[in-house]
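S.K.: Mind having a look at this structure? Questions to follow.
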Amino acid sequence: MSGYFSRDMERLNYLLSEIHEVYHDVSVRLGVSDSAMDILYTLCIAGDRCPLRDIARLSGSSRQTIHSAVRGLERDGIIRLEAKNGRDKLVCLTDAGRTLTEATAQRVIAMENEIFDSWEEKEREQYLHFLQKYLTDLRTKIKDL
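In our numbering, the protein residues as written are 534 to 678.
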């Protein structure tokens, strides 16, 4: 064990970091910021509209980062904000946003689906099982902090 990590944890952290870097490279190649890609990707999953408060949670980005990116995307005519209930806002794709999403986030999702679909069912089940187990165990351990 070097430092604080076991070899397996070093490998896990390395792989997670490399995956994050690949997604950053994808955003750069497609001409959008990481946070804009996070928002467009989340809106694809949500169906063109999503409560602003949910975008940070679903995307894994901080609320501050999302709010800043939302302002830029709104200024560029990619999204519009609609009042929901009280202070809640709904983030909605505009026509220009749908066009940009087709050229960016939908291409990434198609690529991810192609990769995932190329795995055998058992491999997908195992991957998802252990990823869920790690997440569940991590949430449990964090409660002890």
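No residue lacks a Cβ here, since even glycine has one placed at the ideal position from N, Cα and C. Given the structure is predicted, the values throughout are model-derived calculations rather than measurements.
(1) Starting from the C-beta of Cys-577, find all residues in its chain whose C-beta is less than 8 Å away, skip the five residues before and the five after it, and write them out in chain order.
(2) Excluding five sequence neighbours on each side, which residues of the same chain lie with their C-beta closer than 7 Å to the C-beta of Arg-596?
(3) With a Cβ-Cβ cutoff of 9 Å, do Ser-594 and Asp-571 count as a contact?
(4) Quick one: what does DSSP say Leu-678 is sitting in, helix, strand or coil?
(5) If the criterion is Cβ atoms closer than 9 Å, does the pair Asp-567 and Leu-626 meet it?
(6) Just verifying my parser: in three-state terms, what is the DSSP assignment at Leu-661?
(7) Between which two residues does the beta strand (DSSP E) containing Val-565 stretch?
M.R.: The answer reads as follows:
(1) The sequence position of residue 577 within the sequence shown is 44, counting from 1. In the same chain as Cys-577, and ignoring 5 residues on each side of it, the C-beta atoms closer than 8 Å to its own belong to Thr-634, Ala-638, Gln-639 and Ile-642, in chain order.
(2) Position 63 of the sequence shown, counted from the start, is the residue given in the question as residue 596. Answer for Arg-596: Ala-589, listed in chain order.
(3) In the sequence shown, counting from the first residue as 1, residue 594 sits at position 61. In the sequence shown, counting from the first residue as 1, residue 571 sits at position 38. Yes, the pair counts as a contact, with Cβ atoms nearer than the cut-off.
(4) Walking along the sequence shown from the start, residue 678 turns up at place 145. Three-state result, Leu-678: coil.
(5) In the sequence shown, counting from the first residue as 1, residue 567 sits at position 34. In the sequence shown, counting from the first residue as 1, residue 626 sits at position 93. Taking 9 Å as the Cβ cut-off, Asp-567 and Leu-626 do not qualify as a contacting pair.
(6) In the sequence shown, the residue the question calls residue 661 occupies position 128. Assigned with DSSP and collapsed to three states, Leu-661 falls in helix.
(7) Counted from its first residue, the sequence shown places residue 565 at position 32. Where Val-565 is concerned, there is no enclosing beta strand (DSSP E), because DSSP gives it neither an H nor an E.
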